[in-house]
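First the structure, in the form of structure tokens, and then the observations on it.
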Amino acid sequence: MSKTVLLLPGDGIGQEIIAEARKVLNWLNTQGAELTLEEGLIGGTAYDETGTPLPDETVTKAEAADAVLLGAVGGTKWETLDYSVRPERGLLGIRKALDLYCNLRPAKVHPQLADASTLKAEVVSGIDIMVVRELSSGIYFGEPKGVETLEDGTKRGYNTLTYKTGEIERIARSAFEAARKRGNKVCSVDKANVLETTELWREVVTNLHAAEYADVELSHQYVDNTAMQLIRDPKQFDVIVTTNMFGDILSDEASMLTGSIGMLPSASLGDGNALYEPIHGSAPDIAGKGVANPLATILSVAMMLKHSLDMPEMSDRIEQAVSDVLDVGLRTADIMEPGMTQVGTSVMGDAVMAALIGGPAFKAAAAPAVVPLAKPVKMKKKKMKKMKKKGKN
Ligand code: NAD
Numbered sequence: 052m053s054k055t056v057l058l059l060p061g062d063g064i065g066q067e068i069i070a071e072a073r074k075v076l077n078w079l080n081t082q083g084a085e086l087t088l089e090e091g092l093i094g095g096t097a098y099d100e101t102g103t104p105l106p107d108e109t110v111t112k113a114e115a116a117d118a119v120l121l122g123a124v125g126g127t128k129w130e131t132l133d134y135s136v137r138p139e140r141g142l143l144g145i146r147k148a149l150d151l152y153c154n155l156r157p158a159k160v161h162p163q164l165a166d167a168s169t170l171k172a173e174v175v176s177g178i179d180i181m182v183v184r185e186l187s188s189g190i191y192f193g194e195p196k197g198v199e200t201l202e203d204g205t206k207r208g209y210n211t212l213t214y215k216t217g218e219i220e221r222i223a224r225s226a227f228e229a230a231r232k233r234g235n236k237v238c239s240v241d242k243a244n245v246l247e248t249t250e251l252w253r254e255v256v257t258n259l260h261a262a263e264y265a266d267v268e269l270s271h272q273y274v275d276n277t278a279m280q281l282i283r284d285p286k287q288f289d290v291i292v293t294t295n296m297f298g299d300i301l302s303d304e305a306s307m308l309t310g311s312i313g314m315l316p317s318a319s320l321g322d323g324n325a326l327y328e329p330i331h332g333s334a335p336d337i338a339g340k341g342v343a344n345p346l347a348t349i350l351s352v353a354m355m356l357k358h359s360l361d362m363p364e365m366s367d368r369i370e371q372a373v374s375d376v377l378d379v380g381l382r383t384a385d386i387m388e389p390g391m392t393q394v395g396t397s398v399m400g401d402a403v404m405a406a407l408i409g410g411p412a413f414k415a416a417a418a419p420a421v422v423p424l425a426k427p428v429k430m431k432k433k434k435m436k437k438m439k440k441k442g443k444n
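For the sequence shown, this note's numbering assigns the number 52 to the initial residue and increments by one for each residue that follows.
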């Protein structure tokens, strides 16, 4: 049955990386996937064309689609705009419009890139963590919030942390279901020793576990401990489920264990709606240069196939193709290491295609022969050093 995928390239490198994902989506159609690809506007590009970062037409198309694939939004060009029309508002707006309450952020270390992490390779190699972050409630949305001026002229800022039973139950359910398809372990992270709301969180997770998911191993941790454990012994984790704010922070920490922002996909799911995107932003510093890593976006397509399009075998094939491309030594600048072949965005996309089409034969041949377009992008040593210093490897 035909499925619709809405592509929202957005800003900066968004255009370049979505072009590579499109190659993979088109290939899926040659394999019988029957995907209808549509395109829409979001972010600064949408603002330039329509005066808003999230046109109604985009929301309508997203609601009708089976899945949305987003590149990235934002850029220096729009930094002086009023907050209400900044590109990032487009992203928050679409998450809200689609009621995407469950954010899945895998942090997986590709063995070929274990040395790219700032931690020792033996600590990170083999980690495969799924952070399940509640995305539509908690302190980012709770009322009342604001900043008030007190009688003495000083100010008081306040936000409210709220969770209802149903909101906790649905995200906990997502985590238990995810765990059943992986290592069958969930660690629920809260601050139940201090915050009443997260005492309720712990109670609801515990009750749901006893009632419906007793086969899954459940543990609880306080968030400060988890922040430490992720650095000390990340391999202890399978699925981590937590609140909006704790998940925001811990998922960034977990993703950085892997060493490369250009490799990590994500999914935001609601009841029936879904949006997939790389975790990185629009990278204005490298936009238009053809050097961005498209693999996080291509891996977001793999997540889409698994979670929204019911094509888990194709998802596995894409993940395998990415692994094969790394195996033969192809690297974009952000993951470049001595002895590897540096390529640009579109050559990396072509290489994934060659691996998809070639299957096991791809690895048997020398990479440049399989990828005739592989002209290494020359980057000056100074620039590479600068990128590494900025934490981009
Ligand atoms: P960023 O993720 O865009 O870039 C951080 C660093 O990582 C940059 O040096 C960039 O060159 C590098 N990088 C990012 N993706 C890369 C890739 N695929 N390949 C190679 N290198 C890559 O974060 P930032 O610089 O803090 O933000 C830039 C803009 O992106 C801002 O406007 C911000 O608001 C926006 N942003 C958007 C999203 C999103 O759309 N989901 C997320 C984060 C930031």
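Every residue, glycine too, gets a C-beta built ideally from N, C-alpha and C. Note that the structure is a prediction, hence the values are computed from the model and not measured.
Residue i bridges to which residues according to DSSP?
| i | result |
| --- | --- |
| E479 | Residue 479 cannot be examined here, being either before or after the span of the chain that is shown, 52 to 444. |
| S270 | C238 |
| A49 | Only positions 52 to 444 of the chain appear in this structure, which leaves residue 49 out of reach. |
| Y327 | L120 and A318 |
| T392 | L381 |
Roughly how many angstroms lie between the CA atoms of residue i and residue j, to the nearest whole one?
| i | j | result |
| --- | --- | --- |
| A384 | H331 | 15 Å |
| R233 | G102 | 44 Å |
| T205 | G197 | 14 Å |
| I178 | V110 | 36 Å |
| V342 | L377 | 16 Å |
| Y98 | A243 | 42 Å |
| N295 | E250 | 15 Å |
| G339 | T396 | 10 Å |
| A165 | A278 | 20 Å |
| K236 | K414 | 34 Å |
| Q272 | A229 | 19 Å |
| S333 | I312 | 12 Å |
| V175 | D107 | 43 Å |
| S53 | G141 | 28 Å |
| I380 | I408 | Looking at the sequence shown, residue 380 is not Ile but Gly. Between G380 and I408, the C-alpha separation is close to 18 Å. |
| I180 | K159 | 6 Å |
| G63 | G95 | 9 Å |
| R231 | G189 | 26 Å |
| E218 | I349 | 31 Å |
| P345 | S351 | 10 Å |
| L360 | V75 | 14 Å |
| A226 | E71 | 30 Å |
| G410 | H161 | 19 Å |
| A402 | P329 | 19 Å |
First and last residue of the beta strand (DSSP E) that includes residue i?
| i | result |
| --- | --- |
| K54 | K54 to G61 |
| K159 | C153 to K159 |
| R184 | D179 to E185 |
| T87 | L86 to E90 |
Could you tell me which of the options sits nearest to residue i, measuring between CA atoms?
| i | options | result |
| --- | --- | --- |
| S317 | V256, V119 and T87 | V119 |
| G400 | L320, L57, N77 and A412 | N77 |
| P389 | V174, A167, K414 and D299 | A167 |
| E89 | Q82, T55, I69 and K74 | T55 |
| W129 | G410, G395, P335 and D375 | P335 |
| R156 | I349, G83, V183 and G91 | V183 |
| G208 | L281, T200 and L105 | T200 |
| S239 | I222, L246, H161 and A412 | I222 |
| A116 | L350, A325, E370 and L320 | A325 |
| H322 | L92, V352 and K147 | The amino acid occupying residue 322 in the given sequence is Asp; His does not appear at that position. Closest option to D322, Cα to Cα, is K147. |
| K215 | Q393, S187, S225 and D203 | S187 |
| W252 | T293, Y264 and Q287 | T293 |
Taking the continuous alpha helix (DSSP H) assigned at residue i, which residues delimit it?
| i | result |
| --- | --- |
| K357 | L346 to H358 |
| E364 | P363 to D378 |
| L79 | G65 to T81 |
| P162 | Run containing P162: none; DSSP gives neither H nor E here. |
Runs of alpha helix (DSSP H) lying entirely within the stretch 101-126, each at least 4 residues, in chain order: With a minimum length of 4 residues, the continuous alpha helix (DSSP H) runs that stay inside the stretch 101-126 are 107-115.
Those runs of the beta strand (DSSP E) which lie wholly inside the stretch 223-260 and span at least 3 residues: The qualifying runs are 236-241.
Inside the stretch 260-316 only - beta strand (DSSP E) runs reaching at least 3 residues: Every beta strand (DSSP E) of 3 residues or more that sits fully in the stretch 260-316 is shown, in chain order, as 268-273 and 290-293.
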